[in-house]
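Here the structure comes first, spelled out in structure tokens, and everything after it is commentary.
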Amino acid sequence: MRDSNLDLRVIRTKTAIRNALVELIEEKGFDAITVKDITTKANINRGTFYAHYQDKFDLMTKCQEEIMYEFSTIAKQRLPEVIADLGSNPSPTMPFILITSILEFLNENSDFMKAVLSPKGDLSFQTKLKDFMWKTLFEDTNGALINKENLLVPSQYLTSYMASAHIGVIQQWLNNGQKETPEEIARILSTIAVHGPFYAAGLKK
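No gaps in the numbering here: position 145 of the sequence shown is 165 in the numbering used here, and each next residue is one more.
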């Protein structure tokens, strides 16, 4: 029981620290934040903060690692089904389901994602997201979604285009307060990704 109570206290403390980080990013930007700012906002002492994190950069890194771990877990669960669906179904639905699962997770963590992806956040996180997409598309251990031999353009440019487009749509969705459901945004992304922007704009049928 004592261990359980201790675990709950640690979870509450880390949640308070993370919430403080998000609020401070929105208020003054990550670069201007100090550990004192975080401890004051989270209503904890410096010793408690340093029991969990080395500094604000370590805090940001660990928060991002938690997000990337969840992305990876979702991808590993869904990728085998996606690959099988793409290979056998002329109108595959599994890519839509994969995107929806990721968006549902983003929706649950929208405050942090909105803050970290904002100009006041950590621009390097977008690079991590692009790396994740690269590995998912071309290098996943469960099998690659795309065969490099079939590409019509260099893989690094395709990945950069797709990642930037997806991140841009996600940022717009978060900044608008997630008025659309994850399923609606997944359908928008799927339409653009599968048919292209000209089709989505009604310029090509």
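All C-beta atoms, glycine included, are put in the ideal place defined by N, C-alpha and C.
Exercise. Which class does residue 181 belong to by DSSP, given the choice of helix, strand or coil?
Worked result: Here residue 181 refers to the residue found at position 161 when the sequence shown is read from its first residue. Residue state, collapsed to three classes: helix.
Exercise. What is the DSSP secondary structure of residue 216, reduced to helix, strand or coil?
Worked result: Numbered from 1 along the sequence shown, position 196 holds the residue referred to as residue 216. In the structure shown, residue 216 sits in coil (DSSP, three-state: anything other than H, G, I, E or B).
Problem set entry | residue 170 to residue 84 span [Cα, whole Å] | One-based indexing of the sequence shown puts residue 170 at position 150. One-based indexing of the sequence shown puts residue 84 at position 64. Each residue's alpha carbon lies about 33 Å from the other.
Exercise. Beta carbon of residue 94, beta carbon of residue 116: below 8 Å?
Worked result: As a working mapping, residue 94 is identified with position 74 in the sequence shown. As a working mapping, residue 116 is identified with position 96 in the sequence shown. No, Cβ-Cβ distance for residue 94 and residue 116 is not below 8 Å.
For this session: Reducing DSSP to helix, strand and coil, say where residue 43 ends up.
Result: If you number the sequence shown from 1, residue 43 lands on position 23. Residue 43: helix per DSSP, three-state reduction.
For this session: Using only the heavy atoms of the ligand NAP, determine whether one of them is closer than 7 Å to the beta carbon of residue 28.
Result: Looking at this structure, you won't find the ligand NAP or any other ligand, since it has none at all.
Exercise. Between which two residues does the alpha helix (DSSP H) harbouring residue 148 extend?
Worked result: Against the sequence shown, residue 148 aligns to sequence position 128. 144 to 154 is the span of the alpha helix (DSSP H), which, as asked, contains residue 148.
Problem set entry | Close-in-space but distant-in-sequence residues of the same chain around residue 132 (CB under 6 Å, 5 per side omitted) | Position 112 of the sequence shown, counted from the start, is the residue given in the question as residue 132. Once the five neighbours on either side are set aside, the close Cβ partners of residue 132 are 42.
Exercise. Would you report the Cα separation of residue 172 and residue 153, rounded to the nearest angstrom?
Worked result: Within the sequence shown, residue 172 is the residue found at index 152, counting from 1. Within the sequence shown, residue 153 is the residue found at index 133, counting from 1. Distance between the alpha carbons of residue 172 and residue 153: 18 Å.
Exercise. Does the distance from the CB of residue 134 to the CB of residue 195 come in under 8 Å?
Worked result: Taking the first residue of the sequence shown as position 1, residue 134 is located at position 114. Taking the first residue of the sequence shown as position 1, residue 195 is located at position 175. Yes, the Cβ-Cβ distance between residue 134 and residue 195 is below 8 Å.
Exercise. In terms of residue numbering, what span does the alpha helix (DSSP H) encompassing residue 173 cover?
Worked result: Counted from its first residue, the sequence shown places residue 173 at position 153. No alpha helix (DSSP H) contains residue 173, which DSSP labels as neither H nor E.
Problem set entry | Burial state of residue 30 (16 or more Cβ within 10 Å) | Locating residue 30 in the sequence shown gives position 10, where the first residue counts as 1. Residue 30 comes out exposed.
For this session: Would you identify the three-state DSSP class for residue 22, choosing helix, strand or coil?
Result: Translated into positions along the sequence shown, residue 22 becomes position 2. Caution is warranted here: a pLDDT of 46 is assigned to residue 22, below 50, making its placement in the model unreliable, and no coordinate value can be reported.
Exercise. Roughly how many whole angstroms lie between the Cα atoms of residue 223 and residue 207?
Worked result: Locating residue 223 in the sequence shown gives position 203, where the first residue counts as 1. Locating residue 207 in the sequence shown gives position 187, where the first residue counts as 1. C-alpha separation (whole angstroms): 19 Å.
Exercise. Between 204, 121 and 80, which lies nearest to residue 99 when the distance is taken from Cα to Cα?
Worked result: Along the sequence shown, one-based indexing puts residue 99 at 79. When only C-alpha atoms are compared, the closest one is 121.
Problem set entry | 8 Å contact criterion, which residue 44 and residue 53 should meet: CB distance rounded | The sequence position of residue 44 within the sequence shown is 24, counting from 1. The sequence position of residue 53 within the sequence shown is 33, counting from 1. Right, their Cβ atoms sit about 5 Å apart.
For this session: Using the Cα positions of residue 209 and residue 177, report the straight-line distance between them to the nearest angstrom.
Result: Locating residue 209 in the sequence shown gives position 189, where the first residue counts as 1. Locating residue 177 in the sequence shown gives position 157, where the first residue counts as 1. Roughly 18 Å separates the two Cα atoms.
Problem set entry | 7 Å Cβ shell around residue 87 - same chain, five flanking residues per side excluded | To locate residue 87, count along the sequence shown from 1; it is residue 67. Excluding residues within five positions, the ones whose Cβ falls inside 7 Å are 129.
Exercise. Measuring CB to CB, does residue 49 end up less than 8 Å from residue 199?
Worked result: Numbered from 1 along the sequence shown, position 29 holds the residue referred to as residue 49. Numbered from 1 along the sequence shown, position 179 holds the residue referred to as residue 199. Not a contact, by the Cβ cut-off of 8 Å.
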